[in-house]
Amino acid sequence: MPRWIPPLVAIIIGIALGLIYGWVISPVQFVDTTPNSLRADYRADYVLMVAETYHANQDAGLAARRLAIFGGDAPATISAQALQTGQASGYAPNDISMLQELTRAMQAYQPVPTAVESTP
Amino acid sequence: MKRFPWEWLIAIVVGFSLGLLYAWVISPVRYIDITPNTLRADFKDQFRIAIAASYASTHDLGRAKARLALLGDSDSNQALTAQSQRMLAAGESIDVVQQVAQLAANLLGGVAQIQPSATATATVSQKTAMPTTAATGSETDAPTIPVESPTIESTPAIVFTPTPRPTHTPVPTPGAPYILIAQDTVCNSNLTDGLMQITVIDKHNRQIPGVEIIISWSGGEEHFFTGLKPEIANGYADYIMQAGISYTVRVAEAGTPAPNLTAPNCPDSGGQTYTGGLHLTFQQP
Chain A
1 MPRWIPPLVA
11 IIIGIALGLI
21 YGWVISPVQF
31 VDTTPNSLRA
41 DYRADYVLMV
51 AETYHANQDA
61 GLAARRLAIF
71 GGDAPATISA
81 QALQTGQASG
91 YAPNDISMLQ
101 ELTRAMQAYQ
111 PVPTAVESTP
Chain B
121 MKRFPWEWLI
131 AIVVGFSLGL
141 LYAWVISPVR
151 YIDITPNTLR
161 ADFKDQFRIA
171 IAASYASTHD
181 LGRAKARLAL
191 LGDSDSNQAL
201 TAQSQRMLAA
211 GESIDVVQQV
221 AQLAANLLGG
231 VAQIQPSATA
241 TATVSQKTAM
251 PTTAATGSET
261 DAPTIPVESP
271 TIESTPAIVF
281 TPTPRPTHTP
291 VPTPGAPYIL
301 IAQDTVCNSN
311 LTDGLMQITV
321 IDKHNRQIPG
331 VEIIISWSGG
341 EEHFFTGLKP
351 EIANGYADYI
361 MQAGISYTVR
371 VAEAGTPAPN
381 LTAPNCPDSG
391 GQTYTGGLHL
401 TFQQP
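Protein sequence lines correspond, in order, to chains A and B.
Mapping to the working numbering: the first sequence position 103 is 103, numbers consecutive.
Throughout, the working numbering is defined as the position within the second sequence, counted from one, plus 120.
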């Protein structure tokens, strides 16, 4: 048997042990995650909460700010994705209706630009 | 005597290190479909705000409970109460604070019961299902006695585990004005002179945090909130009265005013008098 075989076998065994330890026994723990990592149905449910609130107060600005929790996507995109998830998941018609209402509102929503003070 | 196989041990250690490097750094376990209970604390706060706002709109306590359960708090009521107090202290919008506080208060009431859907889709994985519920139109804002709503819509759940699907449930007497139900003179020389102690409770005698108190007198008015001294009670607030001034207190804008409140004179053990206090209890009927 060539001399290099035993060390190679030992390294392979070590790699296997390392992978088992790193992936199974002690995997990387994520405890402080962000909402954009949420599973699609949880995201959709959050958007549904926003839609329920929007249905009651018709405050598009507040809805857009609450949707911003998911990060960079536009509020209309977030809402549309939630609507798709809701439709695919068999949401109740009333919930779908509210998600559609929110999506339309977010598509029409234009953020009010912050006033900038002019300097002399 | 056979030599210890150091080269084997070294090779295994090297291999183990390579494996760990790959598993922890190059290709760690990826969590892309996480559940809300792993969210960072501030995002959980945002979720609670959204749940409370949604509840304020729909009055669907069952759905709110199911959503709160996803956050993994050991005591949702306590989490909401603590959050409302943090928000008060941080000067956040009173409307939002009141929504959170109202949900905390109503959680204790148990005006809704959750029953599992009879037609929940068969479980295809061990993942937790979202708390999707079906709106069945039983919602009403009428200030009536809460009615248990065991009727469950049998709309299919999205997949995964059977999920409670409660119907809309009325919230107890939303917006009913608080009234003064008890006024006691407090003669305790250990307390601050002129201390007005206020307790705000709901119809079930539970203390309510985050409620605005408005105290006015000739030439002035102040606003403060219950719940800022949770070490005393969640529905507690206090104010220092000046001797000889008549105050009017009401709870929230719509509360019934309690007029002509003055700091009483109390006798001490030496025959002298000192300025005592009042304890007012307001209740939302």
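Built from N, CA and C at the ideal position, the CB exists for glycine as well.
{"Check": "Which listed residue (B:148, B:165, B:309, B:192) has its alpha carbon closest to that of residue 390 of chain B", "Outcome": "B:309"}
{"Check": "Contact list for the segment 331-352 of chain B against chain A, Cβ threshold 7 angstroms", "Outcome": "none"}
{"Check": "CB contact flag (residue 318 of chain B, residue 359 of chain B, <9 angstroms)", "Outcome": "yes"}
{"Check": "Bridge partner(s) assigned by DSSP for residue 385 of chain B", "Outcome": "B:395"}
{"Check": "Inter-residue Cα distance where the pair is residue 178 of chain B and residue 345 of chain B", "Outcome": "25 angstroms"}
{"Check": "Proximity below 9 angstroms, CB of residue 227 of chain B to CB of residue 181 of chain B", "Outcome": "yes"}
{"Check": "Residue-chain proximity (residue 135 of chain B, chain A), Cβ-Cβ < 9 angstroms", "Outcome": "yes"}
{"Check": "Proximity winner among B:330, B:186, B:191, relative to residue 216 of chain B (alpha-carbon distances)", "Outcome": "B:330"}
{"Check": "Those runs of the beta strand (DSSP E) which lie wholly inside the segment 198-225 of chain B and span at least 3 residues", "Outcome": "none"}
{"Check": "Range covered by the alpha helix (DSSP H) that runs through residue 136 of chain B", "Outcome": "126-141"}
{"Check": "Chain-ordered neighbours of residue 156 of chain B on chain A, where CB pairs are closer than 7 angstroms", "Outcome": "38, 42"}
{"Check": "Residues, ordered as in the chain, of the segment 93-107 of chain A that lie near chain E by beta-carbon distance below 8 angstroms", "Outcome": "No chain E appears in the structure shown, which is made up of the protein chains A and B."}
{"Check": "Spatially closest choice to residue 296 of chain B from B:305, B:405, B:369, B:159, by CA coordinates", "Outcome": "B:405"}
{"Check": "9 angstroms Cβ cutoff, residue 11 of chain A in contact with chain B", "Outcome": "yes"}
{"Check": "Rounded straight-line distance, which links the Cα of residue 13 of chain A to that of residue 123 of chain B", "Outcome": "21 angstroms"}
{"Check": "Residue 173 of chain B, buried or exposed, once every other Cβ within 10 Å from all chains shown has been counted against 16", "Outcome": "buried"}
{"Check": "Residues that residue 64 of chain A contacts on chain B, provided the C-beta gap is smaller than 8 angstroms", "Outcome": "Within 8 angstroms Cβ-Cβ: nothing; residue 64 of chain A doesn't reach chain B, min ~13 angstroms."}
{"Check": "Collapsed DSSP secondary structure at residue 335 of chain B in the structure displayed", "Outcome": "strand"}
{"Check": "For residue 81 of chain A, the nearest candidate out of A:99, A:94, A:55, A:11 (CA to CA)", "Outcome": "A:99"}
{"Check": "Residue 303 of chain B vs residue 398 of chain B beta-carbon contact at 9 angstroms", "Outcome": "yes"}
{"Check": "Cutoff 6 angstroms; reference residue 85 of chain B; Cβ partners in own chain excluding five residues on either side", "Outcome": "In this structure chain B extends from 121 to 405, so residue 85 of chain B is not present and cannot be described."}
{"Check": "Rounded straight-line distance, which links the Cα of residue 9 of chain A to that of residue 189 of chain B", "Outcome": "49 angstroms"}
{"Check": "Same chain only: Cβ atoms within 8 angstroms of residue 108 of chain A, ignoring 5 sequence neighbours per side", "Outcome": "60"}
{"Check": "Under the three-state DSSP convention, the category residue 267 of chain B falls into", "Outcome": "No answer about residue 267 of chain B holds up, because its pLDDT of 34 lies below 50 and its placement is not dependable."}
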